[in-house]
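Student:
Residue numbers (this note's numbering), protein chains in the order written: chain C, 1 to 230; chain V, 1001 to 1150.
#1: So residue 1029/V contacts chain C; which residues on that side make the cut at Cβ distance below 7 Å?
#2: Shortest alpha-carbon distance to residue 97/C belongs to which of 40/C, 60/C, 188/C, 65/C?
#3: So which residues on chain V does residue 197/C lean against when the C-beta distance must stay under 7 Å?
#4: Along the chain, where does the beta strand (DSSP E) that runs through residue 1087/V open and close?
#5: Could you compute how far the alpha carbon of residue 203/C sits from the alpha carbon of residue 1094/V?
#6: Any beta carbon from chain C within less than 8 Å of residue 1104/V's own beta carbon?
#7: Within this structure, are the beta carbons of residue 1134/V and residue 1113/V separated by less than 8 Å?
#8: Taking all protein chains shown into account, do 16 or more other C-beta atoms lie within 10 angstroms of the C-beta of residue 1140/V, making it buried, or fewer, making it exposed?
#9: At 9 Å on the CB atoms, spell out the chain V contacts of residue 144/C, in chain order.
#10: Pairing CB atoms from the segment 123-130 of chain C with CB atoms from the segment 1045-1062 of chain V, are three or more of them under 8 Å?
#11: Would DSSP call residue 142/C helix, strand or coil?
#12: In whole angstroms, what is the alpha-carbon distance linking residue 85/C and residue 1023/V?
#13: Measure the alpha-carbon distance for residue 1097/V versus residue 1077/V and round it to whole angstroms.
#14: Going straight from the alpha carbon of residue 119/C to that of residue 222/C, what length do you get?
#15: When you compare only the Cα positions, how much space is there between residue 115/C and residue 164/C?
#16: Taking just the CA atoms, how far does residue 216/C sit from residue 76/C?
#17: Is DSSP giving residue 1033/V helix, strand or coil here?
#18: If the criterion is Cβ atoms closer than 8 Å, does the pair residue 134/C and residue 178/C meet it?
#19: Counting only the same chain and skipping the five closest in sequence on each side, list residues whose C-beta sits under 6 Å from that of residue 275/C.
#20: Please find out if some non-hydrogen atom of the ligand MN comes closer than 7 Å to the beta-carbon of residue 52/C.
#21: Output needed in chain order: residues of the segment 41-73 of chain C with a Cβ under 9 Å from some Cβ in chain V.
#22: Taking all protein chains shown into account, decide if residue 1048/V is buried (16 or more other Cβ within 10 angstroms of its Cβ) or exposed.
#23: Taking the straight line between their C-alpha atoms, what separation do you get for residue 1086/V and residue 1092/V?
#24: Please return the same chain residues whose Cβ sits closer than 7 Å to the Cβ of residue 21/C, not counting the five positions on each side in sequence.
#25: Excluding sequence positions up to five away, which residues of its chain have a Cβ less than 8 Å from the Cβ of residue 175/C?
#26: Under 8 Å Cβ to Cβ from residue 1151/V, same chain only, skipping five residues before and after it: list those, please.
#27: Compare the C-alpha of residue 41/C against each of 66/C, 74/C, 198/C and name the closest.
#28: Look up residue 124/C in the DSSP assignment and give the residues it is bridged to.
#29: Residue 1138/V and residue 1067/V look like a contact to me (Cβ under 8 Å); what is the Cβ gap, rounded to whole Å?
#30: Tell me, which residues are paired with residue 1147/V by DSSP?
#31: Below 7 Å between beta carbons is the criterion; list the residues of the segment 1106-1135 of chain V that meet it against any residue of chain C, in chain order.
#32: With distance defined between alpha-carbon atoms, name the residue in 210/C, 139/C, 52/C nearest to residue 200/C.
#33: DSSP state of residue 1070/V, grouped into three classes?
#34: Per DSSP, what kind of secondary structure is residue 203/C in: helix, strand or coil?
#35: Please work out which residues of its chain come closer than 6 Å, Cβ to Cβ, to residue 184/C, disregarding the five sequence neighbours upstream and downstream, and give them in chain order.
#36: Which residue marks the beginning of the alpha helix (DSSP H) containing residue 50/C, and which one marks its end?
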């Protein structure tokens, strides 16, 4: 296969050389792989291992659709218990994010590294369980007792948008290491009654102005499908 | 390229550690606001010259103070609180009953308890002549909930 490709490469070179015989042939035609890149977020299993209150997994994938544009998708699952000063709750559910990355990095010939900006639309389906809370009272005249309602709020959902900055480097042939940072803004949520979606899978902590941050470290493999001229 | 990646990796961890630490600034469990009025002139506030407010077995909420309005906490572990109001050497007891409801406030504040259906179950009349409950729901501290005439 490889030999055939090399042969094809040289034949094409000869063909083009004969066609353009009159021209000065000083440009070398290089080809770049277009294909499906699939991978996993390495930080999620690491966090799951280090923090007993968090379990999660995220699969990532992208397809090069144009020279500098990649259609990207992330699929994930998360089960996380959040401990705040007065409340303790567990969020579990899954999410999908889809969008586009634009590669702004000018590669050397034959290289396919990326420094990119991207946008995502995110959607999450999840449950929240209010494990316990202590009513907040200023002063110490009456000491409140911890309540353990274990109320489960099911079938909650959230829609959000993300702005992504990241980079990917080909470390071995077709094997990429990547890092990305994302800024998120909630669009709409289905909120639990007398509680709030303080944590949403895929969105992470929801701050007061409905914003959030995220990051991932990915290891992905490119399955080359077609090679196109640069 | 790989150097940048390592740099960004380290940078991202500092970002994680710089997350803002929310502090509870919203109002939480409200207190019962009591104002004292003159029994002879019901429109006029009247200062209790030497007021001591307490619950049996606990310290004083107010100790020998000269006031015309007070804010006292209600017991949020049960549906009643028995308060002792001492004016000088004379003591009156008021037994408050209510329903409790926990309302979500925010991430940093958690839940607050509000009190509904406030009633005076019993009251002695040694120095307190009359009482009027202005607001049976205690969910804020902006207005008086109870007026005491003396």
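Here a beta-carbon is modelled for each residue, glycine too, at the ideal position from N, C-alpha and C.
Tutor: According to the structure data:
#1: Mapped onto the second chain, residue 1029/V falls at position 29. Proximity of chain C to residue 1029/V at the Cβ level (cut-off 7 Å) is accounted for by 135, 136, 137, in chain order.
#2: Here residue 97/C refers to the residue found at position 97 when the first chain is read from its first residue. The residue with the shortest Cα to Cα distance from residue 97/C is 60/C.
#3: Here residue 197/C corresponds to residue number 197 of the first chain, with the count starting at 1. Those do not exist, as residue 197/C stays about 11 Å from chain V at its closest Cβ, beyond 7 Å.
#4: If you number the second chain from 1, residue 1087/V lands on position 87. Here the beta strand (DSSP E) through residue 1087/V covers 1080-1087.
#5: Numbered from its first residue, the first chain carries residue 203/C at position 203. Numbered from its first residue, the second chain carries residue 1094/V at position 94. Whole-angstrom Cα-Cα distance: 51 Å.
#6: Position 104 of the second chain, counted from the first residue, corresponds to residue 1104/V. Yes - at least one Cβ of chain C is within 8 Å of the one on residue 1104/V.
#7: Along the second chain, one-based indexing puts residue 1134/V at 134. Along the second chain, one-based indexing puts residue 1113/V at 113. With contacts defined by Cβ atoms closer than 8 Å, residue 1134/V and residue 1113/V do not form a contacting pair.
#8: Taking the second chain and counting its residues from 1, one reaches residue 1140/V at position 140. Per the 10 Å Cβ criterion, exposed.
#9: Within the first chain, residue 144/C is the residue found at index 144, counting from 1. 1029, 1076, 1077, 1113, listed in chain order.
#10: Under the Cβ criterion (8 Å, minimum of three pairs), the segment 123-130 of chain C does not count as touching the segment 1045-1062 of chain V.
#11: As a first step, residue 142/C must be located in the first chain, where it is residue number 142. Per DSSP, reduced to three states, the secondary structure at residue 142/C is coil, with no helix or strand assignment.
#12: Here residue 85/C refers to the residue found at position 85 when the first chain is read from its first residue. Here residue 1023/V refers to the residue found at position 23 when the second chain is read from its first residue. Straight through space, the alpha carbons of residue 1023/V and residue 85/C are spaced by roughly 10 Å.
#13: On the second chain, position 97 is the one that residue 1097/V refers to. On the second chain, position 77 is the one that residue 1077/V refers to. Residue 1097/V and residue 1077/V: Cα-Cα distance of roughly 12 Å.
#14: Locating residue 119/C in the first chain gives position 119, where the first residue counts as 1. Locating residue 222/C in the first chain gives position 222, where the first residue counts as 1. Rounded to the nearest whole angstrom, the CA to CA distance from residue 119/C to residue 222/C is 21 Å.
#15: Sequence index remark: in the first chain, residue 115/C carries index 115 (1-based). Sequence index remark: in the first chain, residue 164/C carries index 164 (1-based). When the Cα atoms are used, residue 115/C and residue 164/C turn out to be separated by approximately 11 Å.
#16: Along the first chain, one-based indexing puts residue 76/C at 76. Along the first chain, one-based indexing puts residue 216/C at 216. Across the structure, residue 76/C and residue 216/C are spaced so that their CA atoms are roughly 12 Å apart.
#17: As a first step, residue 1033/V is located in the second chain; it is residue number 33 there, counting from the start. Strand.
#18: Residue mapping note: residue 134/C aligns to position 134 of the first chain, counting from 1. Residue mapping note: residue 178/C aligns to position 178 of the first chain, counting from 1. In this structure, the beta-carbon distance from residue 134/C to residue 178/C does not fall below 8 Å.
#19: In the structure displayed, chain C extends from 1 to 230; residue 275/C sits before or after that span and is not available.
#20: Ligands displayed in this structure: none; no statement on the ligand MN is therefore possible.
#21: Cβ contacts with chain V: none found.
#22: Sequence index remark: in the second chain, residue 1048/V carries index 48 (1-based). Residue 1048/V comes out buried.
#23: Indexing the second chain from 1 puts residue 1086/V at position 86. Indexing the second chain from 1 puts residue 1092/V at position 92. Between residue 1086/V and residue 1092/V, the C-alpha separation is close to 6 Å.
#24: Looking up residue 21/C in the first chain gives position 21. In this prediction, residue 21/C scores a pLDDT of 46, lower than 50, which makes its location untrustworthy; the coordinate-derived value is nonetheless stated afterwards. So no residue of the chain qualifies.
#25: By 1-based counting over the first chain, the position of residue 175/C is 175. Excluding sequence positions up to five before and after residue 175/C, its CB lies within less than 8 Å of the CB of 219, 220, 221, 222, all in the same chain and listed in chain order.
#26: This structure gives no information on residue 1151/V, because the portion of chain V shown stretches from 1001 to 1150.
#27: Taking the first residue of the first chain as 1, we reach residue 41/C at position 41. Nearest C-alpha to residue 41/C: 74/C.
#28: On the first chain, position 124 is the one that residue 124/C refers to. DSSP, once it has assigned bridges, lists 95/C, 158/C as partnering residue 124/C.
#29: Here residue 1138/V refers to the residue found at position 138 of the second chain. Here residue 1067/V refers to the residue found at position 67 of the second chain. Separation of the CB atoms of residue 1138/V and residue 1067/V is rounded to 19 Å, and the pair is thereby denied contact status at 8 Å.
#30: What you label residue 1147/V is simply residue 147 of the second chain in a count that begins at 1. Paired residue(s): 1035/V, 1132/V.
#31: Within the segment 1106-1135 of chain V, the residues whose Cβ lies closer than 7 Å to some Cβ of chain C are 1107, 1108, 1109, 1110, 1111, 1112, 1113, listed in chain order.
#32: To locate residue 200/C, count along the first chain from 1; it is residue 200. With distances taken between Cα atoms, residue 200/C lies closest to 210/C.
#33: Taking the second chain and counting its residues from 1, the one referred to as residue 1070/V is at position 70. Residue 1070/V falls in the strand class under three-state DSSP.
#34: Here the question's residue 203/C lines up with position 203 in the first chain. DSSP places residue 203/C in coil when its eight states are reduced to three.
#35: What you label residue 184/C is simply residue 184 of the first chain in a count that begins at 1. Result list for residue 184/C: 160, 162, 203, 212, in chain order.
#36: For this step, residue 50/C is matched to residue 50 along the first chain. Unbroken alpha helix (DSSP H) run through residue 50/C: 43-50.
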